[in-house]
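Protein chains in written order, with numbering that gives the first Met the number 0: chain A, 0 to 312; chain B, 0 to 562; chain C, 0 to 306.
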Amino acid sequence: MRGTLLYIGQRLVLIAVTTVLVSSIVFILLHQIPGNAFLNETRTSPEALAADLRHYGLDKPLPTQYVAWVSGVLHGNLGESLVNRGVMITPLLIRETSVSFTVGFFAILITIGVGLLLGVVAALRQNTWIDYGASSAAVVGYSIPNFVIAIFMLLIFGHYFYDWTQGTVFYNVGWGDWTQIPVPAIALGLPYASYVARLTRASMLETIRTDYVRTAWAKGLKARIVVLRHALRNALIPVVTILGPLITGIITGSVVIENIFGIPGLGKEFVQSILARDYNIVIGVFTFYAALVGLANLTVDVIYPALDPRIRY
Amino acid sequence: MSRFAVFRSLAVALGTISVVAACGGGGGTTSENLAADQTLSFPIVDDVGNTDPGKMSAGVDIDIFRNTYSGLYKFDDQLNEVPDIATGPPQVSSDGLTYTYKLKQNVKFSNGDPVKADDFVFSWNRAAAMQGDYATLLNVVAGYDDVANGKATEMTGLKKIDDYSFSATLSAPAGYWYTENALWTLWVVNKKIVLAAGKATDTAWADNPATAIGTGPFKMTARTPKQSIDFAPVPNWYGGSTGTLTKVHIEIVADQKAQITKYESGGYSLIGFAQGSLTPEDVIRYNSDSQLKKQLTLEPQARTSWIGFNMCEGPGKPVKSCTAASPFGGDGNGKLLREAFSLAVDRDQLIDIACSKGTACIKATGGVITKGLKGYLGDNTDPWAKFDKAKAQQLLQQAGGPSAVGNLTYTYNTSAQNKAVCDNLASQWRANLGVTVQCAATDRASFFNARTKCSYPIFRHSWGADYDHPQDWFDFLFVTDAGSSGSCYSNPALDQLEKNANTKVLSESLGDYKKANQILVDNCVTGNLFYGVQQYLVHPYVKGAGGNPLYDNYWAGVKILQH
Amino acid sequence: MAQAAPVAQPDVELTYEVPEQVTLLTDAWRRIRRNRLALVGLVIIAVLFIVALISIFWTPYPTWLQAVGPTYQPPSAAHPLGLDQAGRDILSRIMGGALITIQVGIGSAIILSAIGIPLGLLAGFYRGKVDTVVSFFINIWYGIPDLLVALILVFVLSDALHLIPRGVFVIIVAFSLTRWMDMARLMRGQALALREREFVEAARMSGARDFALLFRHIFPNALGPIIVQATFAIPAAVLFEAFLSFLGLGLPPPTPSWGAMAADGYHGMDFAPHIVLAPTIALSITLMAFNWVGDGLRDAFDPRMRR
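1) Does any residue of chain A bring its CB to less than 9 angstroms from the CB of histidine 562 of chain B?
2) With DSSP run on the structure shown, which of helix, strand or coil describes threonine 410 of chain B?
3) Which of the three DSSP states is assigned to arginine 126 of chain C in this structure?
4) Return the chain-ordered list of same chain residues with a C-beta closer than 6 angstroms to the C-beta of glutamate 31 of chain B, the five sequence neighbours on each side being excluded.
5) Going by alpha carbons, who is nearest to serine 486 of chain B out of B/Ala323, B/Trp554 and B/Gln416?
6) Whole-angstrom Cβ separation of tryptophan 123 of chain B and leucine 185 of chain B, contact assumed at under 8 angstroms?
7) Does the Cβ of lysine 221 of chain A have 16 or more other Cβ atoms within 10 Å, making it buried, or fewer, making it exposed?
8) Give the DSSP-derived three-state secondary structure of glycine 248 of chain A in the structure shown.
9) Could you check what DSSP says for histidine 216 of chain C in three-state terms: helix, strand or coil?
10) Name the chain C residues whose beta carbon is nearer than 7 angstroms to that of proline 401 of chain B?
11) Tell me which residues share the same chain as isoleucine 270 of chain B and place their Cβ nearer than 7 angstroms to its Cβ, disregarding the 5 neighbours each side in the sequence.
12) Is DSSP giving leucine 549 of chain B helix, strand or coil here?
13) Applying the criterion that 16 or more other CB atoms from any shown protein chain within 10 Å of the CB defines a buried residue, is alanine 363 of chain B buried or exposed?
14) Inspect the beta-carbon positions of methionine 203 of chain A and glycine 112 of chain A and report whether they are closer than 9 angstroms.
15) Quick one: which chain C residues come within Cβ less than 9 angstroms of aspartate 617 of chain B?
16) Can you tell me which residues form a DSSP beta bridge with aspartate 229 of chain B?
17) Counting only beta-carbon atoms, is proline 73 of chain C nearer than 9 angstroms to chain A?
18) Measuring CA to CA, which of B/Ser264, B/Thr296, B/Gln290 and B/Gly265 is closest to glycine 275 of chain B?
19) In the DSSP assignment, what are the bridge partners of serine 304 of chain B?
20) In three-state terms, what does DSSP make of glycine 142 of chain B?
21) Please report whether the beta-carbon of tyrosine 60 of chain C lies at a distance below 9 angstroms from any beta-carbon of chain B.
22) Please report the straight-line C-alpha distance between proline 548 of chain B and aspartate 347 of chain B, rounded to a whole angstrom.
23) Quick one: residues in its chain with C-beta nearer than 8 angstroms to the C-beta of alanine 34 of chain B, no 5 flanking neighbours on either side, listed in chain order?
24) Run down chain B in chain order and give the residues with a C-beta less than 8 angstroms from the C-beta of asparagine 83 of chain A.
25) Residues in the region 261-281 of chain A with C-beta within 8 angstroms of chain B's C-beta atoms, listed in sequence order?
26) With a 10 Å radius around its C-beta and 16 neighbouring C-beta atoms as the bar for buried, classify phenylalanine 327 of chain B as buried or exposed.
27) I'd like to know whether the C-beta of alanine 184 of chain A is nearer than 9 angstroms to at least one C-beta of chain C.
28) Tell me the residue span of the beta strand (DSSP E) that contains glutamate 80 of chain B.
29) Mind checking if asparagine 296 of chain A is an interface residue toward chain C, Cβ cutoff 9 angstroms exclusive?
30) Consult DSSP for tyrosine 267 of chain B and reduce its assignment to one of helix, strand or coil.
31) How about threonine 220 of chain B and phenylalanine 230 of chain B: do their beta carbons lie closer than 9 angstroms?
32) Among residues of its own chain, excluding the 5 on either side of threonine 286 of chain A, which ones have a beta-carbon nearer than 7 angstroms to its beta-carbon?
33) Exposed or buried, what is phenylalanine 3 of chain B when buried is set at 16 or more other beta-carbons lying within 10 Å of its beta-carbon?
34) Please report the residue range of the alpha helix (DSSP H) in which alanine 492 of chain B lies.
35) Does DSSP put threonine 296 of chain B in a helix, in a strand, or in coil?
36) According to the Cβ coordinates, are proline 469 of chain B and glycine 374 of chain B closer than 9 angstroms?
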């Protein structure tokens with residue numbers, strides 16, 4: 000137990016360092032943009048511009064700004080929006096992160112669920128048309144730009160379902176109640192199911208080929224269920240190894256999905272802040288992302304031993 | 000910078016162009032019952048930028064908060080200037096310099112505080128000190144410069160006379176000052192509340208529903224930044240009835256397809272308030288279906304878009320900002336090139352492609368001032384707005400051929416319509432002139448900054464009039480060293496005409512302004528492209544929505560019928 | 000000592016089957032040939048190249064010419080794929096897009112290999128300080144949403160600082176700068192493993208210099224996984240460009256990249272589906288082809304499947 004706690008502690012420190020490092024890179028990159036352009040205001044008088052630069056601390060030299068910013072980050076203060084005066088960034092991003100987390104969580108459930116299903120089906124029917132079909136269906140998922148998939152789903156579930164069911168069952172754009180979660184979650188998670196499917200298939204094939212499994216399989220339905228449970232458990236292990244990149248992929252995908260489905264989350268904020276040139280928010284979003292991904296990877300690494308007893312830290 | 004128009008007499012002249020939906024304007028049939036839920040909901044693409052009237056500049060912000068703040072005057076539905084908080088038009092001294100305003104005595108803020116002259120003087124002084132984009136509206140008031148520079152906090156020209164009257168003394172006669180009195184920068188804020196929340200120039204009080212106190216019929220009740228804003232009518236509003244709505248819910252949804260999907264499933268009452276717009280495909284879809292067309296209203300908008308040409312002839316010539324010669328500068332080859340580039344554009348094709356088959360704009364054939372505004376030259380009076388491929392090629396050859404322009408980049412601020420316009424212009428110039436022009440998009444602020452410094456040889460320009468007065472166009476765009484010029488154009492004859500005209504009353508000066516406009520046309524200073532159209536998509540059960548050429552109808556006039 | 004009498008050799012010709020000497024590549028090629036999906040993929044990629052080549056010299060209509068016909072016109076005899084929202088011929092633009100896809104996809108794969116392979120080789124072979132630095136970067140980057148960082152890079156380099164104009168080059172640079180770590184990690188692993196092998200020892204003992212060791216002995220033996228990795232990078236790069244187009248940070252108009260065409264047309268999916276479907280189908284077929292080929296290559300180079 001002590002070993003695990005020590006390990007977690009070390010990782011948390013590493014996460015903090017990584018977070019500061021990654022967001023520092025973004026901070027320095029974006030601050031190459033000169034002060035008044037950074038501010039993105041169309042001030043007509045030099046006095047007004049000067050006052051605004053002072054307000055945001057942009058009149059100081061870059062090292063001073065950096066130090067002030069880092070100490071702000073360590074205290075949890077990410078500053079004020081450049082475009083929407085008066086809007087403080089940290090509470091904004093915290094609220095939006097909880098939104099994104101909700102959708103993302105269900106998206107991952109879908110990714111893993113659908114991926115496992117496709118992988119198992121493909122493995123059990125190896126080299127038949129079902130296998131090819133399932134594998135190809137999965138590949139299609141990540142060969143199409145996700146905004147095309149998203150708009151397709153928006154139209155089907157948001158518009159055509161409304162027409163077909165005379166307004167009783169349909170997807171309602173926006174954010175407010177739980178019925179608005181499934182459709183975006185599916186659009187977000189489905190494209191990545193193929194990665195899980197491929198791993199599951201390979202792992203299932205390995206497991207199924209062993210002799211004792213084949214014997215058990217021949218014994219009948221009840222034995223088959225036991226076999227499947229065992230095989231699935233083994234299949235989950237490689238899936239957990241890609242959970243990190245999977246989460247990263249979900250985060251990247253959420254940028255598009257949240258925009259198209261009108262979900263006020265971190266991904267939408269990322270896009271809007273870039274389009275609006277609100278650099279303070281862009282830096283803030285990256286800081287959040289770096290921390291989130293680090294924490295997600297840590298969670299995965301902590302869960303991993305529970306699944307595979309062979310691993311010990 | 001783009002300014003959004005707030006003027007009136009358009010409705011009459013532009014009325015012929017608008018296609019009115021079945022549910023525009025009030026006066027519904029008496030047999031219609033009101034719905035139980037009187038919530039008006041609509042989407043906007045971005046959150047508001049500034050909630051403080053002293054800083055406000057974006058059309059989105061103004062169109063929303065015009066329902067919560069008000070000032071001395073406003074414009075009625077026929078776009079005539081009428082008193083709002085003032086008792087009547089101002090008393091003007093014989094030298095035309097001093098305007099005296101009297102306030103109604105029953106006016107109250109939404110928290111019950113009475114509105115006094117102190118509040119107005121405070122509001123106008125802080126607007127000058129805050130130096131928002133529209134602070135220059137006050138620059139004719141004596142003492143403005145010192146406040147703008149931070150050397151003083153009060154303009155010497157503003158004087159309180161008693162609790163319910165005050166005067167403004169100008170530094171020079173300005174016929175347009177009265178019109179400016181109706182604009183948002185001169186709205187009144189509650190001095191006590193603002194000072195209780197911080198310094199006079201702080202804006203935080205306006206972001207917080209508890210302290211965002213104004214004199215309008217509605218007040219902000221909730222705000223979730225970047226997500227939604229809610230408003231409710233002011234109970235016991237001094238001005239009488241606040242209409243039938245019980246709530247106004249504004250959602251921030253970035254994707255236009257998501258917006259219209261929600262509209263079509265009944266989630267929004269309308270799309271189009273606060274500068275909302277539709278995707279070209281959706282507009283065309285609605286416009287071409289006889290049933291759906293009833294939900295679409297197209298209002299002419301007081302905005303002109305044109306091709307901007309850089310008129311610099313060399314470093315410092317003709318204005319200081321010029322750093323290098325532009326191929327379009329001067330009266331020789333430059334003029335030939337400007338004419339060639341303008342004649343080579345088939346505007347019918349342009350508005351078909353870039354304006355959703357002509358639903359989002361109309362051709363600009365009468366000069367740079369929008370049709371229907373004072374100073375418009377008349378239909379088809381602009382010879383360079385016609386399409387003449389042969390003549391364009393001939394002019395180009397005279398000027399030296401495609402090599403005379405070299406590698407050109409046409410820059411614009413990022414927006415879907417600007418992109419579509421540039422793509423089409425580039426295609427037409429390449430097909431009709433054999434000249435290849437690159438299209439480059441830039442964010443709004445960088446674009447405005449660079450354009451003001453005359454950094455672009457050819458660029459997108461547009462102007463949305465703030466009020467129906469040609470001065471609004473010439474002073475900001477076409478006089479020497481004009482603040483939003485972008486072209487560094489300088490013509491002493493035009494400057495003189497303009498200066499004289501500004502001192503006179505409009506009825507006397509209109510002829511001069513038209514002459515000035517004609518000078519612009521004669522010299523092909525701008526390649527005029529089109530005049531704007533505002534799109535409204537409104538459900539049949541929403542009455543009193545839509546708008547007029549300068550703004551959306553006030554929320555107080557909207558009601559939701561049973562559906 | 001008396002000389003032994005020469006012993007007569009038995010007059011038997013020894014003939015026995017020697018396993019044919021095959022190189023890695025021949026073996027791989029043989030196995031790919033048996034993988035149907037991979038073959039289909041190769042055919043599609045060949046078609047892609049041919050179309051791209053043709054498009055340099057000829058397309059039915061210029062890809063930039065607007066108002067060739069009415070906007071949004073569905074497919075017809077004159078325009079088999081229809082016209083887009085500006086009245087441009089979609090078939091011509093799809094052809095032009097093939098060239099862009101190749102430039103972005105293969106260009107990115109090449110550049111990120113050019114960065115990742117040497118760094119990975121050096122890290123794995125020399126270990127020590129070089130390894131620490133390279134591994135540090137690889138680990139820091141693990142799990143960071145690299146596409147988002149690449150997006151910021153494109154934005155900063157092009158729009159904010161105007162260092163590199165918008166175009167294929169800045170996209171390749173940004174993508175490669177955030178993706179070389181995977182290639183480097185792979186190469187490092189290979190180098191670490193291979194440096195212990197006998198043939199490397201042998202070469203070293205015969206006096207081969209480090210450079211020769213790296214590039215003549217270690218690198219070729221790691222070729223298999225490298226090619227697989229590079230092949231999978233291609234669809235990622237092409238989708239990255241589509242992602243940029245969606246955000247308005249993609250290639251400058253009127254470049255007919257498939258991603259930009261899809262981004263322009265997706266809003267009108269219910270009104271004029273052909274505008275978004277044509278580039279989307281082109282993209283999906285091409286990217287699936289690269290994925291199938293990548294899968295086939297991975298199976299082909301898998302030593303466990305060697306007989």
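All residues carry an ideal CB built from backbone N, CA and C; glycine is no exception.
Looking at the atomic coordinates:
1) Histidine 562 of chain B is outside the set of residues whose beta carbon lies under 9 angstroms from a beta carbon in chain A.
2) strand
3) coil
4) So the qualifying residues of the chain are Leu560.
5) B/Ala323
6) 6 angstroms
7) exposed
8) helix
9) helix
10) Listed along chain C, no residue sits closer than 7 angstroms to proline 401 of chain B by beta-carbon distance, the nearest being about 16 angstroms off.
11) Counting only Cβ-Cβ distances below 7 angstroms, and skipping sequence neighbours, we find Phe41, Pro42, Gln258, Ile259, Tyr262, Leu277 and Leu536.
12) coil
13) buried
14) no
15) Outside the shown range of chain B (0 to 562) lies residue 617 of chain B, about which nothing can therefore be said.
16) B/Ala221 and B/His248
17) With 9 angstroms as the cut-off, proline 73 of chain C does not count as an interface residue toward chain A.
18) B/Thr296
19) In DSSP, serine 304 of chain B forms a bridge with B/Ser461 and B/Phe529.
20) In the structure shown, glycine 142 of chain B falls within a coil segment according to DSSP collapsed to helix, strand and coil.
21) no
22) 23 angstroms
23) Tyr540, Ile559, Leu560, Gln561 and His562
24) Asp46, Val47, Gly48, Pro224 and Lys225
25) If the cut-off is 8 angstroms between Cβ atoms, the region 261-281 of chain A has Gly261, Pro263, Lys267, Glu268, Val270, Gln271, Leu274, Ala275 and Arg276 near chain B.
26) buried
27) Under the 9 angstroms criterion on CB atoms, alanine 184 of chain A is classed as non-interfacial with respect to chain C.
28) 80-82
29) True, the Cβ-Cβ gap to chain C drops below 9 angstroms.
30) coil
31) Yes, the Cβ-Cβ distance between threonine 220 of chain B and phenylalanine 230 of chain B is below 9 angstroms.
32) Thr18, Ser22, Val72 and Leu77
33) Any reading at phenylalanine 3 of chain B needs caution, since the residue's pLDDT is 35, under 50, leaving its predicted position unreliable; the model's value is listed next. The residue in question, phenylalanine 3 of chain B, is buried, as its Cβ has 16 or more Cβ neighbours within 10 Å.
34) Its alpha helix (DSSP H) spans residues 491-502.
35) strand
36) yes
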